[in-house]
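Structure record follows, encoded as structure tokens.
The following block contains the structure:
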């Protein structure tokens, strides 16, 4: 098994699929000649040429719309947002066009498009460049929302997203691009909508996804030394949501904590908490809890940024209180 | 003659729709095209079957000019399962994949970059298709117009952008909204070909649009065309259009494209009785469409969750 960084794993996923299907193209700012703002598309211009690895001007609304229009007639675009923060100027195309096209046309126009790019909280990038958008897009029916936490998952999930006939929101944590992990050498796919148990345990279930997993794991390791045995469920895909995996785990451990990088109000964790109280109420020994980003825009100051995120200290504190 | 038939069909279809709306059989918004018929008919006449059309929320005229089945269109307005979008779209969202009618779209100007995307796909696959995109002068002020036209121009996409300037963006007259009155002049900013015409003579419109369609087909890039036209009704059925004077409306009614076409046909020697006979036939077709829509079933409740997501590949 090869040890790949997240960006290499994503690159491999795109290359493998583009080699098989000429209808797939990659479009976005700096994806070609610059080799990708975050180097995810490194080498792809040389491999596929300018017709399929397409640099755009700074026009998110425009090139998101180009992607949607081209998908209406059967191309399979991968639209890269340099960061998801910039997707807000294209949100009309994502929600009003991509997500609704199939429904409002009575099933005539499937939308095989992937919107992907860097997301989440960056290293001291302040309020406009540091925020998690999973909850925003997961709110909308008609799309799939994927947020991988490891290089292997990133590769397998992106390949499935590219083959999917629905608009897929694929959010890559900016701070994880350099993370290394084992990725199988042979070709593989990870189905959308299947959660993964990243660690088995008995005392409490942490439900998380994307970068938050890397904040959870150190906390879990620390607590293990205190004799606390935690199960960690990585959702990988928010839409469709693997409710079965959540319920199975919570029914086993009887306690659920959701850890997410996004804000708490109307956040995705609130939806999960609702589902758990509805479907696993009798199994709960403690109210469902959440550790989220604080309910404030992101600060530039290093100490405030750390405090704003669901850091290991906050996670440990919450878990101890739930087991007390 | 064909043009006159199509324009009259659009007019009568929409008059029937307005009537059905006032009795509550059609819901939502209903934006009528009455007065603008010559633009859609003249423009779409220049297209081949492989070409694509992208329309706005005021899409009835474009759909009929493209030859979509008026029974299905009326059924869509009535929200019936036999409609073009199976009742999920309504007035603003007519779609017909077979006819390459790529939708009425409800967000002003948002569809301009979609049209660029369809044209992009034609170029990507080296297919001989042109994409024609309609929008109003109000859409010329939204970012998607700028981004869509700029991308279409730098990539020389086979697209024709037709601004149907009816001089009012809902209730806002153009002089309060456009920094330059001539929308077509914005093409200069994108180094794009442009044209500007009056919208009351259907054959003249066809002749102008044809030049742009051929330019696109030759791979010489997109054109922005502004067609000056006028809607005789309000922005939608709920708009009494009090922001304009009766005199203004009367003035424009003198250059009603249907009236002009009728006079031209009479000049060519057609008899009034023949035109009246055509009107009768069209009215029968429209009545039949209304009957079809009325008698069609509503979509079953089990369809509520249909087409939210496509089946897996």
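Residue numbers (our numbering), protein chains in the order written: chain G, 87 to 410; chain P, 18 to 330.
Yeah, the Cβ is synthetic: ideal placement off N, Cα and C, and Gly gets one too.
The structure presented is a predicted model; accordingly, all values stated were derived computationally and were not measured.
_Can you give me the C-alpha to C-alpha distance between residue 269 of chain P and residue 356 of chain G, rounded to a whole angstrom?_
Distance between the alpha carbons of residue 269 of chain P and residue 356 of chain G is about 57 angstroms.
*Name the residues in the segment 88 to 120 of chain P whose C-beta lies less than 8 angstroms from a C-beta of chain G; which are they?*
Hits within the stretch, in order: 100, 101, 102, 103, 104, 105, 106, 110, 112, 113, 114, 119, 120.
*Would you check if there are 3 or more beta carbon pairs closer than 8 angstroms linking the segment 85 to 92 of chain P to the segment 306 to 314 of chain P?*
Output reads yes: the segment 306 to 314 of chain P touches the segment 85 to 92 of chain P.
*Going along the chain, which unbroken runs of the alpha helix (DSSP H) with 4 or more residues stay wholly within the segment 154 to 236 of chain P?*
Listed in chain order, the complete alpha helix (DSSP H) runs (minimum 4 residues) inside the segment 154 to 236 of chain P are 160 to 171, 203 to 206, 219 to 234.
*What distance in whole Å lies between the Cβ atoms of residue 301 of chain G and residue 345 of chain G, which are believed to be in contact at a cut-off of 8 angstroms?*
Between residue 301 of chain G and residue 345 of chain G the Cβ distance is about 7 angstroms, and since that is below 8 angstroms, they are a contact.
*Between residue 406 of chain G and the rest of its own chain, which residues show a CB-CB distance below 6 angstroms, the 5 nearest in sequence each way excluded?*
Non-local C-beta neighbours of residue 406 of chain G in its own chain, meaning closer than 6 angstroms and more than five positions away in sequence, are absent.
*What residue ranges within the segment 130 to 212 of chain G form continuous beta strand (DSSP E) runs of no fewer than 3 residues, ordered along the chain?*
Annotation note: the segment 130 to 212 of chain G contains the following uninterrupted beta strand (DSSP E) runs of length 3 or greater, listed N- to C-terminal: 139 to 141, 162 to 169, 200 to 205.
*Classify residue 238 of chain G as buried or exposed, calling it buried when 16 or more other Cβ atoms lie within 10 Å of its own Cβ.*
When all chains shown are included, residue 238 of chain G counts as buried.
*Determine the direct distance from the alpha carbon of residue 76 of chain P to that of residue 55 of chain P, and round the result to whole angstroms.*
Straight through space, the alpha carbons of residue 76 of chain P and residue 55 of chain P are spaced by roughly 14 angstroms.
_Rounded separation between residue 218 of chain G and residue 206 of chain G - CA only_ = Rounded to whole angstroms, the separation of the alpha carbons of residue 206 of chain G and residue 218 of chain G is 4 angstroms.
*asked:* According to DSSP, is residue 340 of chain P part of a helix, a strand, or is it coil?
replied: The structure shown does not extend to residue 340 of chain P, since chain P spans only 18 to 330, so no value can be given for it.
_Taking the beta strand (DSSP E) that residue 255 of chain G belongs to, which residues open and close that run?_
Here the beta strand (DSSP E) through residue 255 of chain G covers 254 to 259.
*Please determine, among G:288, G:377, G:324, G:295, the residue with the shortest C-alpha to C-alpha distance to residue 313 of chain G.*
Minimum Cα distance to residue 313 of chain G is reached at G:288.
*Tell me whether residue 323 of chain G sits in a helix, a strand or coil according to DSSP, three-state version.*
In the structure shown, residue 323 of chain G sits in a strand (DSSP, three-state: E or B).
*What separation, rounded to the nearest whole angstrom, lies between the Cα atoms of residue 4 of chain P and residue 303 of chain G?*
It is not possible to answer for residue 4 of chain P, since the shown part of chain P is limited to 18 through 330.
_residue 73 of chain G, buried or exposed, once every other Cβ within 10 Å from all chains shown has been counted against 16_ = As shown, chain G starts at 87 and ends at 410. That puts residue 73 of chain G outside it, with no answer to give.
*Does DSSP put residue 342 of chain G in a helix, a strand or coil?*
In the three-state reduction of the DSSP assignment, residue 342 of chain G falls in the strand class, which pools E and B.
*Are there three or more Cβ pairs, one per stretch, closer than 8 angstroms when the segment 319 to 327 of chain P is compared with the segment 180 to 200 of chain G?*
Result yes; three or more Cβ-Cβ pairs closer than 8 angstroms.
_Rounded to the nearest angstrom, what separates residue 273 of chain G and residue 248 of chain P at their Cα positions?_
Near 58 angstroms, if we compare the C-alpha coordinates of residue 248 of chain P and residue 273 of chain G.
*Where do the N-terminal and C-terminal ends of the alpha helix (DSSP H) with residue 310 of chain G fall, by residue?*
For residue 310 of chain G, the uninterrupted alpha helix (DSSP H) segment begins and ends at 298 to 311.
*Should residue 117 of chain P be labelled buried (16 or more other beta-carbon atoms within 10 Å of its own) or exposed?*
Residue 117 of chain P should be labelled buried.
*Roughly how many whole angstroms lie between the Cα atoms of residue 213 of chain P and residue 140 of chain P?*
Whole-angstrom Cα-Cα distance: 26 angstroms.
*Say whether the segment 240 to 255 of chain G touches the segment 22 to 40 of chain P, bearing in mind that this needs 3 or more beta-carbon pairs closer than 8 angstroms, one atom from each stretch.*
Counting Cβ pairs under 8 angstroms, fewer than three are found: no touch.
*How far does the alpha helix (DSSP H) with residue 282 of chain P in it reach, from first residue to last?*
From DSSP, the alpha helix (DSSP H) with residue 282 of chain P extends over 274 to 284.
_Against residue 135 of chain P, what residues of chain G qualify as contacts under a CB-to-CB distance less than 8 angstroms, listed in chain order?_
Those are 155, 156, 158, 159, listed as they occur along chain G.
*Please report how far the alpha carbon of residue 315 of chain G lies from the alpha carbon of residue 309 of chain G, in whole angstroms.*
If you draw a straight line from the Cα of residue 315 of chain G to the Cα of residue 309 of chain G, it is about 8 angstroms long.
*Could you tell me the distance, in whole angstroms, from the CA atom of residue 61 of chain P to the CA atom of residue 223 of chain P?*
Inter-residue distance for residue 61 of chain P and residue 223 of chain P is about 8 angstroms (C-alpha atoms, whole angstroms).
*Give the secondary structure of residue 395 of chain G by DSSP, where H, G and I count as helix, E and B as strand, and everything else as coil.*
The answer is coil: DSSP assigns residue 395 of chain G none of H, G, I, E or B.
*Ordered along the chain, which non-local residues of its own chain (more than five positions away) have a Cβ less than 6 angstroms from that of residue 38 of chain P?*
Counting only Cβ-Cβ distances below 6 angstroms, and skipping sequence neighbours, we find 47, 254.
_Going by C-alpha to C-alpha distance, which of P:225, P:100, P:260 sits closest to residue 191 of chain P?_
Of P:225, P:100, P:260, the residue nearest in Cα terms is P:260.
*Just the chain G side, please: which residues come within less than 9 angstroms of residue 177 of chain P by C-beta, in chain order?*
None at all; the shortest Cβ gap to chain G is about 15 angstroms.
*Hey, is the segment 166 to 182 of chain P in contact with the segment 135 to 153 of chain P, meaning 3+ C-beta pairs nearer than 8 angstroms?*
Verdict: yes, contact present.
*asked:* Let's test the definition: count the other Cβ atoms within 10 Å of the Cβ of residue 58 of chain P and tell me whether it reaches 16, buried, or not, exposed.
replied: With 16 or more other CB atoms across the displayed protein chains lying within 10 angstroms of its CB, residue 58 of chain P is buried.
*Identify, in the order they occur along the chain, each residue of the same chain with its Cβ nearer than 8 angstroms to the Cβ of residue 212 of chain G, setting aside the five sequence neighbours on each side.*
These residues qualify, in order along the chain: 384, 385, 386.
*Name the chain G residues that come within less than 9 angstroms of residue 319 of chain P, Cβ to Cβ?*
Chain G residues near residue 319 of chain P: none, gap ~14 angstroms exceeds 9 angstroms.
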